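> Got a structure for you, questions after.
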DNA sequence: TCGGGCATGGCAACATGTTGTCATGTTGCG
DNA sequence: CGCAACATGACAACATGTTGCCATGCCCGA
């Protein structure tokens, strides 16, 4: 997000074009991510859910899993997922089952109610995806994805 | 973010490739945005700041502005920016100045201390941008940006 | 000039996520 | 087996952002 920050008035003197294009792209990524989040919440809201809950629920759609594993797959902390999972259980969209392998690490599982909610949201998502990609060149989308992937790789190597 | 959700097990039957490529791209956007945020916070931390504060501070680097205007430019709510601005003032990186045009809407302005912090962060950002874009084709970055921009346009038209 | 509409700021509740700490199960190795 | 690492869950504090509400300052038109 530093984009707006360092970009606008800091055209990199000696860096040349790639650097400017980079800042603009990072900027765009941030904006799109915001919109995507809003869209996701918009899809989940009619079902009384949110993007965060949807994501957690979806992770156990096909197989119950302990909270820690879900957190790992989603790239969040255990605690963040634990809180959301507890809320899902409270709303009876999911439930905890005993884990034969670990007494402490209960398995989060979807309930029929949860599955119904999930299907409603996934249907809405698919419809939106179809509308959104209408007339778009798949190759262009793939190229963009590869570009972003390369940036992610490079940036991750800069992280602690 | 619904990507992981609706994508993996929901290969859109009649939608064809664009739809799958779309889901994968949206997924990638989310992951990159997370990394960018982490990188931004990493750059700000040594200065005792954070990405949120940096962004607000940067918005008034060249001209003091009322909180509402900053919020608008950043695409956040007044309240969110107000809280951060108050923290910046508390830390003496910024200060409120009387607004000749509006007695209530004080102008947020950078202090010399704030300007120094800003410059340190911007320098780090620029260095990182140079490293990250090394050997990348600017045209490819621009193409990706345009693709994301198009998606943003389409998705925004689906918002309330 | 008065009054309504709008912008602004302050407050509170909430959602989401992180970091840190602690106690307690689990596991695996000597 | 027993103990030291490790995983897990529970709690608390904090950061960031949203929504809703209310009071007050500002502007413009009747």
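Protein chains in written order, with the numbering used here: chain A, 1 to 160; chain B, 1001 to 1160. Ideal Cβ positions, reconstructed from N, Cα and C, are used throughout, including at glycine. All of these numbers come straight from a predicted model, not from anything done at the bench.
1) Any contact of the stretch 1143-1155 of chain B with the stretch 34-47 of chain A, i.e. 3+ C-beta pairs under 8 Å?
2) Run the CB neighbour count on residue 1137 of chain B, radius 10 Å, all protein chains shown included, and call it buried at 16 or more, exposed below.
3) At 4 residues or longer, what runs of the alpha helix (DSSP H) sit wholly inside the stretch 7-91 of chain A?
4) Please look up how many angstroms separate the CB atoms of residue 56 of chain A and residue 85 of chain A, rounded, as I've assumed it's under 8 Å.
5) From the DSSP output, in three-state form, read off residue 1144 of chain B for me.
6) Excluding the 5 residues flanking residue 125 of chain A on each side, which residues of the same chain have their C-beta closer than 7 Å to its C-beta?
7) Do residue 1099 of chain B and residue 25 of chain A have their C-beta atoms within less than 9 Å of each other?
8) Taking just the CA atoms, how far does residue 115 of chain A sit from residue 61 of chain A?
9) For residue 1107 of chain B, name the three-state secondary structure that DSSP assigns.
10) Determine the direct distance from the alpha carbon of residue 112 of chain A to that of residue 92 of chain A, and round the result to whole angstroms.
11) Is it right to say residue 1066 of chain B is buried, meaning 16 or more other beta carbons lie within 10 angstroms of its own, or is it exposed?
12) On a Cα-Cα basis, can you pick out the residue from A:81, A:39 and A:147 that is closest to residue 1135 of chain B?
13) Cβ closer than 8 Å: which chain B residues qualify as neighbours of residue 133 of chain A?
14) Could you list the residues in the stretch 55-83 of chain A with a C-beta less than 9 Å from some C-beta on chain B, going in chain order?
15) Buried or exposed: where does residue 1118 of chain B fall if 16 or more other Cβ atoms within 10 Å of its Cβ makes it buried?
16) Can you give me the start and stop residues for the beta strand (DSSP E) that residue 1094 of chain B sits inside?
17) If you draw a straight line from the C-alpha of residue 1074 of chain B to the C-alpha of residue 131 of chain A, how long is it?
18) The alpha helix (DSSP H) that contains residue 1119 of chain B, what's its start and end?
From the atom records:
1) Taking a contact to require three or more Cβ pairs closer than 8 Å, the stretch 1143-1155 of chain B and the stretch 34-47 of chain A qualify as touching.
2) Here residue 1137 of chain B refers to the residue found at position 137 when the second chain is read from its first residue. Its Cβ having fewer than 16 others within 10 Å, residue 1137 of chain B is exposed.
3) Secondary structure within the stretch 7-91 of chain A: the alpha helix (DSSP H) runs of 4 or more consecutive residues, fully enclosed, are 17-44, 51-59, 67-74 and 78-90 (chain order).
4) To locate residue 56 of chain A, count along the first chain from 1; it is residue 56. To locate residue 85 of chain A, count along the first chain from 1; it is residue 85. That belief holds up - the Cβ atoms of residue 56 of chain A and residue 85 of chain A are roughly 6 Å apart, short of 8 Å.
5) Numbered from its first residue, the second chain carries residue 1144 of chain B at position 144. Residue state, collapsed to three classes: helix.
6) Along the first chain, read from residue 1 onward, the residue named residue 125 of chain A stands at position 125. 43.
7) Translated into the one-based positions of the second chain, residue 1099 of chain B becomes position 99. Translated into the one-based positions of the first chain, residue 25 of chain A becomes position 25. No, Cβ-Cβ distance for residue 1099 of chain B and residue 25 of chain A is not below 9 Å.
8) In the first chain, residue 61 of chain A corresponds to position 61, counting from 1. In the first chain, residue 115 of chain A corresponds to position 115, counting from 1. Taking the straight line joining both Cα atoms gives about 7 Å.
9) Within the second chain, residue 1107 of chain B is the residue found at index 107, counting from 1. DSSP places residue 1107 of chain B in strand when its eight states are reduced to three.
10) Here residue 92 of chain A is taken as the residue at index 92 of the first chain, counted from 1. Here residue 112 of chain A is taken as the residue at index 112 of the first chain, counted from 1. Their Cα atoms are separated by approximately 9 Å.
11) Along the second chain, one-based indexing puts residue 1066 of chain B at 66. Buried, because 16 or more other Cβ atoms sit within 10 Å of the Cβ of residue 1066 of chain B.
12) Translated into positions along the second chain, residue 1135 of chain B becomes position 135. Taking only the C-alpha atoms, the option nearest residue 1135 of chain B is A:147.
13) Start at 1 with the first residue of the first chain, and residue 133 of chain A comes out as number 133. Residues of chain B passing the Cβ test: 1015, 1018, 1019, 1021 and 1022.
14) Residues 55, 57, 58, 59, 61, 62, 73, 74 and 75.
15) Numbered from 1 along the second chain, position 118 holds the residue referred to as residue 1118 of chain B. Taking all protein chains in view, the Cβ of residue 1118 of chain B is crowded by 16 or more other Cβ atoms within 10 Å, so the residue is classified as buried.
16) Residue numbering aside, residue 1094 of chain B sits at position 94 when the second chain is read from its first letter. Secondary structure note for residue 1094 of chain B: its beta strand (DSSP E) is the uninterrupted segment 1094-1097.
17) To locate residue 1074 of chain B, count along the second chain from 1; it is residue 74. To locate residue 131 of chain A, count along the first chain from 1; it is residue 131. For residue 1074 of chain B and residue 131 of chain A, the gap between their C-alpha atoms comes out near 28 Å.
18) Counting from one through the second chain, the residue named residue 1119 of chain B turns up at place 119. 1112-1133 is the extent of the alpha helix (DSSP H) around residue 1119 of chain B.
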